[in-house]
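Structure first, commentary second.
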Amino acid sequence: AQTVTQSQPEMSVQEAETVTLSCTYDTSENNYYLFWYKQPPSRQMILVIRQEAYKQQNATENRFSVNFQKAAKSFSLKISDSQLGDTAMYFCAFMGLNSGGSNYKLTFGKGTLLTVNP
Amino acid sequence: DARVTQTPRHKVTEMGQEVTMRCQPILGHNTVFWYRQTMMQGLELLAYFRNRAPLDDSGMPKDRFSAEMPDATLATLKIQPSEPRDSAVYFCASGIEGNTIYFGEGSWLTVV
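One line per chain: the protein sequences are A and B, in this order. Residue numbering for the first sequence follows the working numbering, starting at 88 and increasing by one per position. Residue numbering for the second sequence follows the working numbering, starting at 2 and increasing by one per position.
Laid out in structure tokens, this is it:
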């Protein structure tokens with residue numbers, strides 16, 4: 088079974104600064120995706136970024152980027168130029184891609200509550 | 002803009018009552034998930050379906066919860082009888098196998 092660990096329950100950052108959220112995971116699979124989802128107070132689950140395990144290049148989406156270290160099973164999220172609207176709970180998630188498809192589901196970490204201060 | 006649609010968005014009910022939550026997945030998505038979010042347990046997978054067939058419901062309390070997919074455009078999650086510990090946000094999500102999973106806005110359930 089896969090596990091996802093987010094060791095920072097809460098973090099804060101000043102507006103316009105950069106912050107990094109940590110995530111580690113454990114799996115015996117070689118083929119998988121990793122995700123970061125954002126959940127603002129409305130509770131909507133919003134996809135932030137996706138990383139395919141077979142890709143060496145780190146994924147980037149505007150101000151959001153990841154540092155994917157496959158051997159270390161580490162997947163951190165960097166938010167640059169933080170904005171007030173980035174205040175939310177952030178969840179790291181794992182999805183397996185075995186050939187049978189039985190692991191096509193998301194396993195989530197406990198989340199990190201990020202507060203961006205003005 | 003394709004989205005997963007859930008109803009009701011909010012529900013307050015008395016203990017012992019039946020609760021039914023409905024979900025319309027994104028058209029063309031063949032896998033539908035039900036997740037529950039609580040402060041204590043975080044996001045838990047309750048059940049999921051592929052091509053309308055149940056794949057895994059091991060995360061769901063069998064005595065009071067049931068999940069069905071009567072057709073490709075409707076998934077239901079039923080709680081009977083409801084208990085205060087069932088109070089949570091219930092998310093439906095859908096995807097095509099091997100691709101990104103998209104979430105609905107959630108159904109906020111309060112059982113008093």
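Quick reminder that beta carbons are idealized off the backbone N, C-alpha and C, glycines included. Here the structure is a predicted model, which means the values were calculated and not measured.
Closer than 7 Å to chain A by CB, residue i
| i | result |
| --- | --- |
| Ile97(B) | no |
| Tyr49(B) | yes |
| Val90(B) | yes |
| Arg107(B) | Sequence inspection shows Gly at residue 107(B); the Arg mentioned does not correspond to that position. It does: the Cβ of Gly107(B) has a partner Cβ on chain A nearer than 7 Å. |
| Leu75(B) | no |
| Gly43(B) | yes |
| Ile102(B) | yes |
C-beta atoms of residue i and residue j nearer than 7 Å
| i | j | result |
| --- | --- | --- |
| Gln95(A) | Thr199(A) | yes |
| Val153(A) | Ala146(A) | yes |
| Glu14(B) | Thr77(B) | Contrary to the premise, residue 14(B) reads as Thr rather than Glu in this sequence. Not closer than 7 Å, so no. |
| Ser167(A) | Thr105(A) | yes |
6 Å Cβ shell around residue i - same chain, five flanking residues per side excluded
| i | result |
| --- | --- |
| Leu108(A) | Leu164, Tyr177 and Thr199 |
| Trp109(B) | His11 and Val90 |
| Glu97(A) | Leu200 |
DSSP bridge partner residues for residue i (one or two, in chain order)
| i | result |
| --- | --- |
| Gly43(B) | Thr39(B) |
| Ala158(A) | According to DSSP, which records beta bridges pairwise, Ala158(A) is partnered with nothing at all. |
| Leu136(A) | The question names Leu, yet the displayed sequence has Ile at residue 136(A). Trp123(A), per the DSSP bridge assignment. |
| Lys197(A) | Paired residue(s): none; Lys197(A) is not in a bridge. |
Reference residue i, options the options, closest by Cα
| i | options | result |
| --- | --- | --- |
| Thr74(B) | Gln18(B), Gln25(B), Val20(B) and Met16(B) | Gln25(B) |
Own chain residues within Cβ distance below 8 Å of residue i, not counting five before or after
| i | result |
| --- | --- |
| Val180(A) | According to the sequence displayed, residue 180(A) carries Ala and not Val. Val91, Leu121, Phe122, Trp123, Tyr124, Leu193, Thr194, Phe195 and Gly196. |
Cβ-based neighbour list, residue i, same chain, cut-off 7 Å, excluding 5 preceding and 5 following
| i | result |
| --- | --- |
| Asp57(B) | Ala48 and Tyr49 |
| Met70(B) | Val33, Phe50, Arg53 and Ala76 |
| Gly107(B) | Gln7, Val90, Tyr91 and Phe92 |
Minimum Cβ-Cβ distance from residue i to chain B less than 7 Å
| i | result |
| --- | --- |
| Phe181(A) | no |
| Leu184(A) | yes |
| Lys192(A) | yes |
| Lys142(A) | no |
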